[in-house]
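Novice:
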Amino acid sequence: DTAVSQTPKYLVTQMGNDKSIKCEQNLGHDTMYWYKQDSKKFLKIMFSYNNKELIINETVPNRFSPKSPDKAHLNLHINSLELGDSAVYFCASSQAYSGNLSGELFFGEGSRLTVL
Amino acid sequence: QKEVEQDPGPLSVPEGAIVSLNCTYSNSAFQYFMWYRQYSRKGPELLMYTYSSGNKEDGRFTAQVDKSSKYISLFIRDSQPSDSATYLCAMSALRGTSYDKVIFGPGTSLSVIP
């Protein structure tokens with residue numbers, strides 16, 4: 007059973023399009039994240055939700071909008087895609103005890119987005 | 533200056549070699565240190581973690597933290613081809629009584645040649 011699963015694994019699209027990536031975790035964790043990994047492997051946090059509530063919102067363009075319908079799901083919608091959005095997007099989850107965000111992160115396999 | 537710096541490599545070593553991977557950081561509030569391993573086309577996985585200065589050993593892996601120098605290391609003894617991956621250091625700052633979000637270094641790509 008996959009602990010953190012995200013779909014699709016690959017996305018190729020044109021500039022200006024809108025796309026969504028879905029993520030689900032079956033670990034029972036309270037906290038979920040979206041990370042972006044660029045071509046140099048640099049992994050940068052974008053958003054974090056705790057029990058459906060947004061708790062981290064890094065400096066990310068408004069074109070990126072996360073949505074958490076319940077604590078097991080965190081989706082990412084991207085409007086008006088740009089060339090610079092090409093990257094691998096990782097969903098992750100962790101169990102945050104007493105507000106600690108340092109718990110082990112469990113990552114999905116990533117969604118590779120290519121914007122042409 | 534980035535919060536966490538790491539030599540990106542690539543690093544190529546023969547099987548059986550001792551590997552040393554290092555990170556430096558600038559924020560003295562970082563108190564929790566981790567190493568994640570990422571195989572090609574996969575998500576990162578936690579390899580080791582430590583809250584304190586000094587050494588922590590787990591099999592062929594040793595994590596070392598020197599808070600006075602803001603420097604952390606991961607040593608791999610008797611390296612194996614299966615160790616070929618990207619190694620990401622990561623750290624988290626203590627804010628009051630809670631730990632903040634995890635910040636990753638840019639990763640070092642390691643190849644162990646049979």
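Top line first, the protein sequences correspond to chains R and Y.
For the first sequence, my numbering assigns the number 7 to the initial residue and increments by one for each residue that follows.
For the second sequence, my numbering assigns the number 533 to the initial residue and increments by one for each residue that follows.
Each residue gets a CB set at the ideal place from its N, CA and C atoms; glycine is no exception.
In the DSSP assignment, find the unbroken beta strand (DSSP E) run with residue 96 of chain R in it and report its ends.
Specialist: Residue 96 of chain R -> beta strand (DSSP E) spans 93–100.
Novice: Just to make sure I have the definition right: I need the residues of chain R whose C-beta is within less than 8 angstroms of the C-beta of residue 553 of chain Y. Which are they?
Specialist: Ordered by position in chain R, no residue passes the 8 angstroms Cβ test against residue 553 of chain Y, which lies about 13 angstroms from the chain.
Novice: Under 6 angstroms Cβ to Cβ from residue 577 of chain Y, same chain only, skipping five residues before and after it: list those, please.
Specialist: 569.
Novice: Starting from the beta carbon of residue 62 of chain R, find every residue of chain Y whose beta carbon is closer than 8 angstroms, and list them in chain order.
Specialist: Going along chain Y in sequence order, the residues near residue 62 of chain R (Cβ under 8 angstroms) are 633.
Novice: Is the beta carbon of residue 49 of chain R less than 7 angstroms from the beta carbon of residue 41 of chain R?
Specialist: Yes, Cβ-Cβ distance for residue 49 of chain R and residue 41 of chain R is below 7 angstroms.
Novice: Taking the beta carbon of residue 120 of chain R as the centre, do at least 16 other beta carbons fall within 10 Å, making it buried, or is it exposed?
Specialist: Residue 120 of chain R should be labelled exposed.
Novice: When the Cα atoms are used, what is the spatial distance from residue 556 of chain Y to residue 73 of chain R?
Specialist: Cα to Cα, residue 556 of chain Y sits roughly 35 angstroms from residue 73 of chain R.
Novice: Please confirm whether residue 117 of chain R and residue 62 of chain R have their CB atoms less than 7 angstroms apart.
Specialist: No, Cβ-Cβ distance for residue 117 of chain R and residue 62 of chain R is not below 7 angstroms.
Novice: Span of the beta strand (DSSP E) holding residue 79 of chain R?
Specialist: Start and end: 79–84.
Novice: Run through DSSP, which three-state label would residue 586 of chain Y get?
Specialist: Strand at residue 586 of chain Y.
Novice: Considering only the beta carbon of each residue, do residue 618 of chain Y and residue 637 of chain Y sit closer than 7 angstroms?
Specialist: Contact: no.
Novice: Does the beta-carbon of residue 534 of chain Y have 16 or more other beta-carbons within 10 angstroms, so that it is buried, or is it exposed?
Specialist: With fewer than 16 other Cβ atoms within 10 Å, it is exposed.
Novice: Quick one: what's got a C-beta closer than 8 angstroms to residue 25 of chain R's C-beta in the same chain, skipping five residues either side?
Specialist: The answer, listed in chain order, is 17, 19, 83, 84, 87 and 119.
Novice: Excluding the 5 residues preceding and the 5 following residue 616 of chain Y in the sequence, name in chain order all residues of the same chain whose CB lies nearer than 7 angstroms to its CB.
Specialist: If we look at residue 616 of chain Y and ignore the five residues flanking it on each side, its Cβ neighbours are 642, 643 and 644.
Novice: What does residue 28 of chain R pair with, by DSSP beta-bridge criteria?
Specialist: Paired residues: R:13.
Novice: Quick check on residue 602 of chain Y - is its C-beta less than 7 angstroms from some C-beta in chain R?
Specialist: So no, residue 602 of chain Y is outside the interface.
Novice: How many Å lie between residue 581 of chain Y and residue 567 of chain Y at the Cα?
Specialist: C-alpha separation (whole angstroms): 6 angstroms.
Novice: Got a sec? Which residues, its chain only, sit under 8 angstroms from residue 76 of chain R by beta carbon, not counting five neighbours each side?
Specialist: Cβ within range, chain order: 58.
Novice: Measure how close the beta-carbons of residue 114 of chain R and residue 10 of chain R come, nearest whole angstrom, since I'm counting them as under 8 angstroms.
Specialist: Their Cβ separation, rounded to whole angstroms, is 4 angstroms, which keeps residue 114 of chain R and residue 10 of chain R in contact under 8 angstroms.
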